[in-house]
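A quick write-up on the structure given underneath.
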Amino acid sequence: MDNNKHNEREQISDQAVQELIEKYDPEAGFRKLKGVLYWITLIGLITFSLFQLYTAIFGVLPAQLQRTIHLGFALTLIFLLFPASKKKKEGKPLFQVAWYDMILAVLSIAVGSYWYIFMDDLVMRVGRLTTQDFLIGVLAILLVLEATRRVVGLPITIIAGLFLLYAYMGPYMPGFLEHKGLTIERIVRTMFFTTEGILGTPLAVSSTYIFLFLLFGAFLVKTGVGEYFNDLSIVIAGRRVGGPAKVAIFSSALQGTISGSSVANVVTSGAFTIPMMKRLGYDKNFAGAVEAASSTGGQIMPPVMGAAAFLMVEFIGGGITYWDIAKAAAIPAVLYFAGIWIMTHFEAKRIGLRGLSREEMPETKRVIKQVYLLIPIVVVILLLMSGMSVTKAALWSIVSAIAVGMFNKKTRMGPKLFLEALADGARTALGVAAATAAAGMIVGVVTVTGVGLKMANGLLELSGGYLIPTLILTMIASLVLGMGSPTTANYVITSTIAAPAILLFGVPDLSAHMFVFYFGIIADITPPVALAAFAAAGVSGGEPIRTGILSSKLAIAAFIIPYIFVISPQLMLIDTTWTEAIWVISTAFVGMIAIGAGMIGYWMRPLSWLERIAAVAIGFLLIYPEGMFSAIGLAAFALMLGNQYWLLKKDNPQAPSSPAV
């Protein structure tokens, strides 16, 4: 079948896709500038990317310089590209940017260049601020808060503001929250003239690793890898039972390597997969839920996970590498997507859906011939496995993406396409830069006031000193914070406040940090505020809350697995042998089959409520990586499977057994 006709029939319009992304993702609501301002911002974006590439190739600048220049670029471009209000209508070419935004952009340049111009004086003064320093520091704080509000959203801005207020109001706080309080000068000095505030670890990671991988994603898009993921997914999964839903799962897992946004992933992939699912008989709410759950999971799928995973390297420290994190995340991620795959299979069997016909499939030979487009993904995996630094791995991955693009005339990286990729990469980095700068303020307050340990002790006291209640409270905190905050900011907050409470039980650092990381991501599909699910409902025409509930149901593995890898870290390949790892993977996968059947209410036949409860219980036994529990679970699974087969043959002797998922 001709692929262009296929895409034309299945996809919603590009304009509708863009409108949905802008509605649910603040980072996509930038001005569409024209004329002189367009060229100014374009040059600014390209220069931003070139600066990051230069420092990655020839060496990162001293901390304060690298981070303030990165921040200055981001703030300036945010005020030029993002209006103060979404309701603000575009004016004529010369007046598209309000006069006050022009002033804010100029002030951002002053803030971004201040350390570069006065570094020697600032170092000599060793923390003593002049009036000029103080004013620049105040200005930096205000600009970061306003830029964050525009490009990321109000929740994280309010949280950062409240933490700053807490730093000042310490003597007036109740109970364990009380502290001596900081003067305004001390707050300003900490926030902008040390590496503990705005210029702290979160912005450090944004100005190095994260930017380069976002740039890598932009180059992958330009080489056509995103479209190829869809075609490859159809070839692999399209003919299976309920094929379109499985295509959505597979393509979304792959899309996570080039998209750092759950919402963007939902809308771009969903514009193709959701209409296809609906046409073959899936309920519109279920179709949206499949896409939302799958796209959100893209951030936990190695090798290139969400931006917060890069922060985890710095926050945990102790010689841990990004590859250690990606390796530990592999089994939980596979189980997450296996759970969604299994449940969509059982749903398709329950309502009798078919796969795609041969005529609806792209040409297999053409897809196989284009397998070279996966080379950049293979390159980044191999380089990270080899122990190469994340920065160098990202650089060579970008080079490999450019090289791969040369094999196709349409994606051959000429000057125009190369510059477009540089601009797109910088634009996607603006939200991360703002979020990490704001998150740095939160970390700074936590550090200087000592509230992190106090919060951890308070959480421990509230939970009665037991691990499971502590995990539940931490989960709730992560989900609540994640309702309106990006994953990056959510992880920074929970890793500094909630994760220490988990660590008090002797849990490995990686398990504790991955726990809060998971729930920060899953907040995107957890009602009442589930932005990824709402975006999917916008594509499917379904009900947002209903889609969010179904998304959470499909993503049940993400609510179970974090508890398991905290209680028993073998699931993350921590302190385990390969034999144990194979056993853990096998039993956990079988467990997901049982849980999927219980959640959907169908195995080889419809399940009663008692059978559904039993199936979920068996699944829990199998996922928990302890020999005795797994053995009991396997025996119970075999008994229930045999019983299902017997009942199926008894009710309908001619019925075939359920095919493989």
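Start counting the sequence shown at -2; every next residue gets the next number (our numbering).
Using N, Cα and C, we set each Cβ at its ideal position, and we do this for glycine too.
The structure presented is a predicted model; accordingly, all values stated were derived computationally and were not measured.
Check                                                                                                                              : Outcome
Option nearest T739 by Cα separation, candidates L468, G316, F502                                                                  : The structure shown does not extend to residue 739, since the chain is modelled only from -2 through 658, so no value can be given for it.
CA nearest to the CA of V368, picked from I40, P241, T220, G197                                                                    : T220
Collapsed DSSP secondary structure at Y621 in the structure displayed                                                              : coil
Pairwise C-alpha distance: L34 and M(-2)                                                                                           : Residue placement at M(-2) is poorly supported in this model, since its pLDDT is 43, which falls under 50; the coordinates still yield a value, given next. Answer to the nearest angstrom: the Cα atoms are 44 angstroms apart.
Range of the contiguous alpha helix (DSSP H) that encloses K219                                                                    : 208 to 219
Three-pair Cβ contact test at 8 angstroms for the stretch 423 to 430 versus the stretch 63 to 71                                   : yes
Unbroken stretches of the alpha helix (DSSP H), 4 residues or longer, contained in the stretch 46 to 88                            : 60 to 78
Candidates F334, A13, F213, I610: closest to T265 by CA position                                                                   : A13
contact_flag[the stretch 510 to 520, the stretch 477 to 485] where n(CB pairs < 8 angstroms) is 3 or more                          : yes
The stretch 309 to 321 contacting the stretch 348 to 367, beta-carbon criterion three pairs below 8 angstroms                      : no
Within 9 angstroms, strictly: CB atoms of T341 and G239                                                                            : yes
CB contact check: A420 to chain B, cutoff 9 angstroms                                                                              : Absent from the structure: chain B. Only one protein chain is present.
9 angstroms Cβ cutoff met for F617 and I592                                                                                        : yes
A242 to L459 span [Cα, whole Å]                                                                                                    : 42 angstroms
Residues sharing a beta bridge with P603, DSSP                                                                                     : Y599
S386 beta carbon less than 9 angstroms from that of L212                                                                           : no
As assigned by DSSP and simplified to three states, the class of M480                                                              : coil
Within the stretch 244 to 314, ranges of the alpha helix (DSSP H) (whole runs, at least 4 residues)                                : 259 to 276, 281 to 294, 304 to 313
Chain-order list of residues whose beta-carbon lies under 6 angstroms from that of A391 (same chain, five-residue window excluded) : L209, F210, F213
Own chain partners of L136 with C-beta closer than 8 angstroms, once the 5 adjacent residues on each side are dropped              : L104, A107, V108
Beta carbon of L507 nearer than 9 angstroms to that of I317                                                                        : yes
Check whether P497 and L450 have beta carbons under 9 angstroms apart                                                              : yes
The stretch 165 to 182 in contact with the stretch 195 to 206 per 3-pair CB rule at 8 angstroms                                    : no
Touch test, the stretch 318 to 338 against the stretch 191 to 198, Cβ-Cβ under 8 angstroms, three pairs minimum                    : no
Pairwise C-alpha distance: G178 and T446                                                                                           : 8 angstroms
Backbone CA spacing between A261 and D22 [nearest angstrom]                                                                        : 7 angstroms
Closest Cα partner of A71 within the set I54, T145, G56, G384                                                                      : T145
Limits of the unbroken alpha helix (DSSP H) element including E143                                                                 : 128 to 148
Pick from W320, Y488, G462 that is closest to V513, judged by C-alpha positions                                                    : Y488
Own chain residues within Cβ distance below 8 angstroms of F502, not counting five before or after                                 : L464, T467
Residue environment, Q129, which counts as buried when at least 16 other CB atoms sit within 10 Å                                  : exposed
Contacting residues, own chain, Cβ-Cβ under 8 angstroms from I100 (five flanking each side not counted)                            : none
Nearest candidate by alpha-carbon position, reference Y97, set L77, F115, V123                                                     : L77
Closest Cα partner of P603 within the set E344, F115, R122                                                                         : E344
Three-pair Cβ contact test at 8 angstroms for the stretch 544 to 563 versus the stretch 285 to 297                                 : yes
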